[in-house]
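Only one structure is covered here, and it is reproduced in the block below.
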Amino acid sequence: MLGSARRRDMSEDAQKFELLADLGAMIAREVELDELLATFAERVARAMAADRATLWLVDSATGGLRARVANDAELDALRLPPARGLAGHVARTGDVVRVDDASTDPRWSRDHDARTGYHTSSVLAVPVDGHDGRRRGVVQILNKRGGAFTAQDEGFARVLADQIGRALDYTSLRGDGARAGVAVAGRFNHVIGNSAAMQGVYDAIQRAARTDAIVLLHGETGTGKGLIARAIHVNSARRDGPFVHVDCTTLPAGLVESELFGHERGAYTGADARVIGKVEAAAGGTLFLDELGELPLDLQGKLLRFVQERTFERVGGRAPLTSDARIVAATNRDLAAQVKAGTFRSDLYYRVRVVDIELPPLRRRGPDDILALAEHFVAIYARRYGKPAARLAPEARPVLAAHPWPGNVRELEHAIERAVVMCDDVIDADALGLLAVDDAPDDDAGADDAAADGAPPAGTAPPDAGAAVTLPADLPLEDAERRYARAALARAGGNRSAAARALQISRNRLARLLRDA
Ligand SMILES: Nc1ncnc2c1ncn2[C@@H]1O[C@H](COP(=O)(O)OP(=O)(O)OP(=O)(O)O)[C@@H](O)[C@H]1O
Ligand SMILES: [Mg+2]
2 MLGSARRRDM SEDAQKFELL ADLGAMIARE VELDELLATF AERVARAMAA DRATLWLVDS
62 ATGGLRARVA NDAELDALRL PPARGLAGHV ARTGDVVRVD DASTDPRWSR DHDARTGYHT
122 SSVLAVPVDG HDGRRRGVVQ ILNKRGGAFT AQDEGFARVL ADQIGRALDY TSLRGDGARA
182 GVAVAGRFNH VIGNSAAMQG VYDAIQRAAR TDAIVLLHGE TGTGKGLIAR AIHVNSARRD
242 GPFVHVDCTT LPAGLVESEL FGHERGAYTG ADARVIGKVE AAAGGTLFLD ELGELPLDLQ
302 GKLLRFVQER TFERVGGRAP LTSDARIVAA TNRDLAAQVK AGTFRSDLYY RVRVVDIELP
362 PLRRRGPDDI LALAEHFVAI YARRYGKPAA RLAPEARPVL AAHPWPGNVR ELEHAIERAV
422 VMCDDVIDAD ALGLLAVDDA PDDDAGADDA AADGAPPAGT APPDAGAAVT LPADLPLEDA
482 ERRYARAALA RAGGNRSAAA RALQISRNRL ARLLRDA
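Each number in our numbering comes from the position in the sequence shown (counting from 1) with 1 added on.
In C-alpha cells form, the structure reads like this:
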C-alpha cells in the first residue's frame with residue numbers, strides 16, 4: 002500500500018484501481034481485514050470524490066446492521082435495526098440506491114444527521130453479497146462533491162462491493178453459515194485456517210458463544226487456546242464486558258486464592274486494603290482460566306463451588322458473594338489422567354468438560370492451513386520489522402508444509418519471525434532453519450547407523466516417495482528417524498503396511514518408531 006500523502010496526489014482513477022488491487026491482495030493473503038477496513042471508508046470516499054463512506058455489515062447474531070468502520074470517529078460503533086434507513090432498505094432488498102437528495106427520500110433515516118449536524122444530500126448504496134448469495138452488508142457513500150453520483154460511480158461501487166463480498170467469504174468473519182451476515186464482533190477474523198479440523202472448531206465456538214456454559218479448551222502447546230478463548234468471548238453476548246485472563250501456572254501458590262477470589266483488608270499481613278479477585282473483576286464478562294490443570298487441589302474445591310453455585314468468599318471475608326462471570330478454561334494436560342492420579346478433582350473435571358473443544362495440532366490441519374498461517378505471520382512481522390518486501394520463496398512452501406511442527410502455531414510463528422528478521426526479503430528453507438532432506442548433504446555417520454539396523458538411511462527416500470520430508474539440520478538421528486517414519490505414514494495415507502514397505506522395514510519396527518514419537 003502507498004502512504005496516504007502520495008495517495009492524495011493520485012488521480013481518482015488511480016486511487017480506484019489501487020483500492021481494488023489492495024482488496025485483491027488482501028483476499029490472496031487472507032490477513033488483516035481489520036486493518037484494511039480501518040482505512041477503507043476514508044479511501045473509498047476519496048477515490049469517489051465523496052465526503053464519506055461507510056461499510057455496514059449484517060450482524061449474523063442479530064440480523065441488524067453494524068458499521069464496522071464509519072469515518073466519523075465519534076460514531077464508529079453505529080448500529081441500525083434491520084429495517085431502518087437507506088442502508089437497511091438495501092440490505093433487505095438487494096437494490097442499488099442512488100439518490101440526489103436524501104432529505105426528500107422517505108427511506109433515509111434522519112436521526113444520524115440530526116444528531117451530528119451533518120447534512121446528507123446525495124447517496125449511493127450498494128449491497129455486499131457472499132458467494133453463497135447471502136447478504137453480508139452494504140457499502141454506502143455520501144455527498145458526491147460538486148453534484149450527484151453518476152452511473153459510472155455506481156458501476157465502480159458494484160465492483161467494489163463484489164470484492165468486499167469475496168474478502169468476507171475468505172475470513173472467519175463469515176458467521177455460522179446457517180444465517181446471513183457475518184460475525185462482526187472483535188478480532189475473530191484473525192483466527193486463520195479453513196481446514197476441516199478448524200471448521201469444526203469454528204462451529205463449536207459459535208455454539209458455545211451463544212450460551213453461558215463453561216467451556217474447556219484442550220490441545221497441545223501452541224495450538225491457539227488463548228486466541229480461541231478470546232474468540233469465544235468476543236462472539237458472545239458478553240463481548241462488551243471484561244475478558245479476564247488468569248494463568249494458573251504463574252500464580253504463586255500462596256496467592257492463588259486471593260488472586261481468584263480477592264481478599265478483605267487485614268486478611269493477612271500486608272493486606273492493607275480490600276482487593277477484589279479475578280472472579281469479581283470478570284462479572285458481566287468472561288474469566289479465562291489458563292492451564293486449569295495447574296490449579297492446586299484445595300482451590301479446585303472452591304472453584305467447583307463457584308461453578309456450581311456462583312458464590313465465593315473473599316479471603317478473610319465471611320459474606321458469600323456472587324459473580325456471573327462466564328468461565329472458559331484451557332489445558333494442555335490430560336485432565337482425565339490427572340483425575341486418575343489424584344491431582345485433579347473428578348467432580349470439577351466432569352463439570353468443566355460439559356463443552357469440550359479440542360484444538361487440533363497443526364500437523365492434522367493440512368498444508369493449506371500451514372501456508373495460510375505462514376503468510377499471515379510473514380505479513381505481521383514484515384510490517385513489525387519494517388521489511389515490506391519480505392515474502393516466502395516458492396520452494397519454501399513444500400518445506401513448511403511437510404515439517405511436523407511439534408510446537409504448533411507458536412513454533413511456526415517463531416520460525417517465521419526469525420526468518421523475517423534474518424532474510425534478504427526472500428524467505429527460503431534455510432532462513433526458516435528447515436533443511437529439505439532431498440537437498441541435504443550426504444551424512445555418512447547417519448547412513449552407517451541406520452544401515453546397521455537394516456533400514457535405508459534417512460535422506461535416500463525411495464524413488465516413489467513423493468514430496469520431500471524436511472528436517473531441522475541439527476536434529477538427533479533418533480528424532481529424525483521418528484519424524485521420517487511419521488511422514489512416510491502420512492504419505493501412505495495412514496496405512497502402516499504400505500508405509501513399512503516404502504521404508505523397507507518391518508511393520509514392528511515402524512510401530513516402534515511411531516510409538517516412540
Ligand atoms: N489459528 C490461528 N490463527 C492465527 N494465529 C494463531 C492461530 N492459532 C494460534 N495462533 C497464534 O499462535 C500463538 C500461540 O497461540 P496461543 O498462545 O493461543 O497457544 P496456546 O494453545 O495457548 O499455547 P500454550 O498451551 O503453550 O499456552 C499466538 O501468537 C497466537 O496468536
Ligand atoms: Mg496459552
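Glycine is no exception: its CB is placed at the ideal position from the N, C-alpha and C atoms.
Below 7 Å CB to CB, which residues in the same chain sit around residue i once its five sequence neighbours on both sides are set aside?
i              : result
histidine 246  : Phe289 and Asp291
alanine 284    : Ser324, Asp325 and Ala326
arginine 239   : Gly285, Gly286, Thr287 and Arg327
serine 196     : Arg366, Gly367, Asp369 and Asp370
leucine 252    : Glu260
isoleucine 277 : Gly263
leucine 514    : Glu482, Arg483 and Ala486
proline 397    : Here the sequence assigns alanine to residue 397, which means proline is not the residue at that position. So the qualifying residues of the chain are Ile428, Asp429, Ala430 and Leu433.
Within its chain, find whatever has a CB closer than 6 Å to the CB of residue i; leave out the 5 residues flanking it on each side and keep chain order.
i             : result
valine 353    : Ile215, Leu217 and Ala330
glycine 166   : Val129, Asp130, Gly131 and Arg137
leucine 145   : Checking the sequence, you will find lysine at residue 145 rather than leucine. Closer than 6 Å at the Cβ level, and outside the excluded window around lysine 145, lie Ala51 and Ser123.
alanine 489   : Ala500, Ala503 and Leu504
glycine 225   : Leu360 and Val410
glutamate 265 : Arg275, Arg315, Gly317 and Gly318
threonine 121 : Ala103, Asp114 and Leu143
valine 127    : Val97, Val140, Ala158, Arg159 and Ala162
alanine 209   : Val216, Ile233 and Val356
serine 237    : Ala210
Under the DSSP definition of a beta bridge, which residues are partnered with residue i?
i              : result
histidine 246  : Phe289
lysine 145     : Ala51
glycine 138    : Leu58 and Val129
arginine 392   : Val427
alanine 22     : For alanine 22, which the question treats as bridged, DSSP gives no partner whatsoever.
isoleucine 277 : Gly263
histidine 219  : Thr332 and Glu359
DSSP on residue i, reduced to helix/strand/coil?
i                 : result
histidine 264     : strand
aspartate 325     : coil
proline 361       : coil
threonine 332     : strand
valine 97         : coil
arginine 315      : coil
alanine 501       : helix
valine 185        : Its pLDDT being 47, under 50, valine 185 is placed unreliably by the model, and nothing is read from it.
arginine 240      : coil
leucine 296       : coil
alanine 380       : helix
leucine 256       : helix
histidine 120     : coil
arginine 211      : coil
leucine 66        : strand
proline 368       : helix
arginine 354      : coil
serine 347        : helix
isoleucine 233    : helix
phenylalanine 307 : helix
threonine 224     : coil
tyrosine 485      : helix
lysine 17         : helix
serine 507        : coil
leucine 1         : The structure shown does not extend to residue 1, since the chain is modelled only from 2 through 518, so no value can be given for it.
tyrosine 269      : coil
aspartate 154     : helix
alanine 162       : helix
leucine 435       : coil
alanine 337       : helix
valine 202        : helix
Suppose the cutoff is 8 Å on Cβ atoms and the five residues either side in sequence are ignored; what does the same chain contact list for residue i look like?
i              : result
leucine 322    : Glu281, Thr312, Phe313, Glu314 and Arg315
valine 257     : Cys249, Leu296, Pro297 and Leu300
serine 347     : Val340
methionine 423 : Ala432
histidine 415  : Gly408
arginine 508   : Arg497, Ser498 and Ala501
Given 8 Å, three or more beta-carbon pairs between the region 268-281 and the region 218-236: no
field: At least 3 beta-carbon pairs within less than 8 Å: the region 241-258 vs the region 374-391
entry: The answer is no - the region 374-391 does not touch the region 241-258, with fewer than three Cβ pairs under 8 Å.
message: Taking 8 Å as the cut-off, does the region 148-162 touch the region 88-106 (at least 3 CB pairs, one atom from each stretch)?
response: yes
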